[in-house]
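Residue numbers for the sequence shown follow UniProt numbering, beginning at 1 and rising by one.
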Amino acid sequence: MKQSGVPFWELIKLILALPFMDVESIGSVFDGKSTVDVKAQKDTYYRALTNQKMDWRNLLLLFVKRYLSLDRDFTTPEDDHKCLIFDDTDIGKRGKKIEGLSKTFDHVNHRFIFGFKLLVAGYWNGSVFIPVDFSFHRENKDNKKNKYGLTGKQRKQQKKTKRGKGLPVVKRFRELNSKKTGMLVDMFKRINQRKIEVDYILTDSWFTSISLINKLLKVNKKVHVIGMYKYNSKLSIDGKEHSIKQLRKRKGKMSRQRSLKLYYFQYVGEIDGVKVKVFLSKRGVNGAWHTIITTNTKLSFKKTMEIYSIRWTIEVFFKEAKQLLGLGKCQSTNFDVQVAQTTLTMVRYLLISLRHRMEAYQTIGGIFKDIKQDYLEHKLNERLLLAIVDILEVLDLLVKDIDINSIARRLVLYNESLSFLTYPPDPANNSKLAA
C-alpha cells in the first residue's frame with residue numbers, strides 16, 4: 001500500500017515516532033521549526049490516516065500477537081494468570097464539529113463534556129499490561145429533543161464523511177451507537193479467535209452482570225470472570241434464595257483478611273442459573289459494603305482480590321497514554337483519523353512496553369524519557385558517523401589495502417556512542433552491522 005509513491009509503512013513510522021521527538025503533530029513537522037526528516041508532503045501523511053481501506057483494528061491485533069511472541073523470550077512472568085481487562089475512559093474534545101462527537105458525562109469530575117467514551121480491552125500477560133482492542137461510543141442517542149446532547153444546529157455542523165460500502169471504517173463508525181457491553185463481547189470473540197490465552201476477564205461494577213457473564217462463557221467456557229457487582233440479585237444457596245442485602249445482614253462471625261485489612265462473608269450459589277462465588281466485604285466494622293463475584297468457585301478471598309487488583313493496570317494505562325503518548329489529543333474532525341491516531345497511540349504503548357520488558361526495571365514514564373533522549377543522541381551520532389565515513393574514504397585513497405569495512409565495524413562495536421547501529425547479538429556473527 002503506497003501513498004504518492006511512498007510506502008504506507010514509511011509514513012506510519014514517522015507518525016508513531018512523533019511523541020518521542022517532542023513533536024505534537026504532523027502539522028508541527030511542517031511548521032518550519034522542526035528538524036525532522038520527512039519523506040513526503042504533509043497531505044500525504046494526512047491521507048495515510050484517512051485511508052478508508054486500512055483496517056486499524058487488525059493492525060493493532062497483529063502488533064499484539066507479535067508482541068506476545070517476542071515477550072516469551074524475556075523474563076518469566078511474575079504471575080501466570082492471563083487476564084483480559086475491560087474499562088472505559090472519557091475522551092474530551094474541544095471542537096463540537098468533530099464527527100460522531102456527543103455530550104457525555106464525566107464520572108470522574110462529575111460534569112458533562114463534549115467528546116467520546118473509549119472502551120478498551122487490555123491484556124495482562126502476567127507481567128505487563130498491553131491494549132489489544134478499542135471502540136468509540138457516544139451517549140444521549142435516545143434524547144428526542146437534543147440527540148447526542150447536541151442541538152439540531154450543532155449536529156448539522158458536524159463533519160460528515162462519505163464511506164465506501166463494506167470498508168472497515170464503516171463498521172467502526174457504526175460502533176458509536178452500539179452498546180458497550182455488546183462491543184465487549186465482540187472484542188472477546190476476536191481475541192479468542194486469535195488464540196490469545198485468557199484465564200480471567202476482569203470488569204468493574206459498570207459492566208458486571210449475569211447476562212454479560214453468560215455471553216462471555218458462550219464464547220469460551222474455560223474462561224472465568226471476576227467483577228465488582230452492584231445489583232441486589234438473589235443468590236440461590238442449597239435451594240433457598242437470599243438477596244445480597246439479606247446476606248449482608250446475616251448474623252455470624254465475619255472472616256478477616258489481615259493483609260488486606262478487610263472483613264468478609266463468602267457464599268457459593270447460583271444467580272439466574274450461573275454458579276458463582278460471592279464475597280461481601282468491607283473495610284473495618286463500619287466500612288461500606290462491596291460485592292465481588294467470580295465464576296471460579298475454588299478461589300479464596302485473598303486470591304480473588306489479588307487477581308482483581310490487576311484491573312488497576314488499565315487505569316495506569318489510561319493515565320500514561322494520555323499524559324505521555326497523546327491519547328485523546330487528536331482534534332481532527334474526521335472520525336476515521338480519530339480511530340487511526342488512537343490505534344497508533346496503542347501501538348506506541350506496545351513498543352514502549354516491549355522495551356520495558358527488556359529493561360525490566362523502569363516505569364513506562366522513565367522509558368518514554370529515555371526514548372526521547374535516545375532520539376536526540378541518535379541525531380548527533382548520525383552527524384558523527386558521516387564525518388567518520390568521510391575520513392575513512394580519504395584513508396582509502398591514501399593507504400593501499402586498508403579494510404574500510406573492518407575499521408567501520410570496530411568503530412561501531414567498540415564505541416558506545418555508535419552502539420545504536422548494531423543489531424542484537426547474532427550467535428553466528430557477533431559483529432553484524434545495521435545496513
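All C-beta atoms in this analysis are idealised placements derived from N, C-alpha and C, irrespective of residue type, glycine included. Please read these numbers as outputs of a predicted model, since none were measured by experiment.
Taking 8 Å as the threshold (C-beta atoms), are Val169 and Asp336 in contact? Yes. Within cutoff.
Would you kindly report the start and end of the unbroken beta strand (DSSP E) that includes Thr291? Counting along the chain, the beta strand (DSSP E) containing Thr291 begins and ends at 290-294.
Completely contained beta strand (DSSP E) runs for the region 153-213, where each covers 3 or more residues: When DSSP assignments are scanned along the region 153-213, the uninterrupted stretches of beta strand (DSSP E) that are 3 or more residues long and fall wholly within it turn out to be 200-203.
Quick check: the Cα distance between Tyr200 and Val6, rounded to an integer number of angstroms? Their backbone Cα atoms lie some 43 Å apart in a straight line.
Using a Cβ-Cβ cut-off of 8 Å (strictly less than) and excluding sequence neighbours within five positions of Phe112, which residues of its own chain qualify? Within the same chain, Phe112 has close Cβ partners Lys103, Thr104, Phe105, Asp106, Gly149.
On the three-state DSSP scale, how would you describe Val108? Of the three classes helix, strand and coil, the one that applies to Val108 here is coil, per DSSP.
Can Thr313 and Gly122 be called in contact, C-beta distance under 8 Å? It is a contact, given that the beta carbons lie within the stated cut-off.
Complete runs of the beta strand (DSSP E) confined to the region 215-245 [at least 3 residues]: The beta strand (DSSP E) runs lying completely inside the region 215-245 and spanning 3 residues or more are 224-228, 234-237, 240-243, given in chain order.
Based on Cα-Cα distance, which residue from Glu99, Lys253, Asp37 lies nearest to Arg172? For Arg172, the nearest C-alpha among the options comes from Glu99.
Less than 8 Å separating the beta-carbons of Lys159 and Asn334? The answer is yes: Cβ separation under 8 Å.
Within the region 16-47, ranges of the alpha helix (DSSP H) (whole runs, at least 4 residues): Qualifying alpha helix (DSSP H) stretches, in chain order: 26-29.
Among all the DSSP beta bridges, which residues are the ones paired with Glu315? DSSP, once it has assigned bridges, lists no residue as partnering Glu315.
For the putative contact between His224 and Thr291, defined by C-beta atoms under 8 Å, what is the C-beta separation to the nearest angstrom? Not quite, the Cβ-Cβ distance comes to about 17 Å (not below 8 Å), so this is no contact.
Closer than 7 Å: is that where the CB of Lys319 sits relative to any heavy atom of the ligand MG? Inclusion of the ligand MG in the displayed structure is not the case, the ligand content being empty and no account of it being possible.
Could you give the C-beta distance for Lys96 and Phe116, rounded to a whole number, given that I count them as a contact under 8 Å? No, Lys96 and Phe116 are not in contact; Cβ-Cβ is about 13 Å, not under 8 Å.
If you draw a straight line from the alpha carbon of Ser233 to that of Leu212, how long is it in whole angstroms? Cα-Cα distance, rounded: 14 Å.
In the DSSP output, what is Asn280 paired with across the bridge? Looking at the sequence itself, residue 280 is Leu, so the reference to Asn does not match. Phe265, Thr291, per the DSSP bridge assignment.
By Cβ distance, which residues of its chain are closer than 6 Å to Tyr45, with the 5 residues on each side in sequence left out? When the five nearest sequence neighbours on each side are left out, the beta carbons in the same chain lying within less than 6 Å of the beta carbon of Tyr45 are those of Leu11, Ile26, in order along the chain.
Let's see if you can read the secondary structure: which residues bound the beta strand (DSSP E) around Leu84? It spans 83-92 - the beta strand (DSSP E) in which Leu84 sits, taken as one unbroken run.
Are Val278 and Gln266 close, meaning C-beta to C-beta below 8 Å? Yes. Within cutoff.
Whole angstroms are fine: how far does the CA of Phe134 sit from the CA of Ala17? Computed Cα separation, rounded: 21 Å.
Separation of Thr151 from Asp142, as counted between CA atoms: Between the alpha carbons of Asp142 and Thr151 lies a gap of roughly 13 Å.
For His137, which residues does DSSP report across the bridge? Under DSSP, His137 shares a beta bridge with Lys117.
Measure the alpha-carbon distance for Val285 versus Asn192 and round it to whole angstroms. Here the C-alpha atom of Val285 lies approximately 42 Å from the C-alpha atom of Asn192.
Assign Gly269 to buried or exposed, taking buried as 16 or more other Cβ atoms, counted over all protein chains shown, within 10 Å of its Cβ. It is buried - the Cβ of Gly269 has at least 16 other Cβ atoms within 10 Å.
Would you please state the rounded distance, in angstroms, between the beta carbons of Leu260 and Met187? I believe it to be under 8 Å. Their Cβ separation, rounded to whole angstroms, is 31 Å, which puts Leu260 and Met187 out of contact at 8 Å.
Can you grab the Cα-Cα spacing for the pair Leu62 / Gln157, in whole Å? When rounded, the distance between both Cα atoms is 36 Å.
Does the separation of the CB atoms of Arg124 and Lys189 fall below 8 Å? One point to set straight first is that residue 124 is Trp, not Arg, in the sequence displayed. No. Outside cutoff.
Pull up the distance between the alpha-carbon of Leu384 and that of Arg311, whole angstroms please. With a pLDDT of only 46 at Leu384, under 50, the local geometry of the prediction cannot be trusted, and the value read off the model is given with reservation. So the alpha carbons of these two residues sit roughly 47 Å apart.
Sequence-distant residues of its chain with Cβ nearer than 8 Å to Asp88 (five each side left out): The beta carbon of Asp88 sits closer than 8 Å to the beta carbons of Lys117, Leu118, Leu119, Val120, His137, Lys180, Trp206 from its chain, once the five residues preceding and following it are set aside; these are given in chain order.
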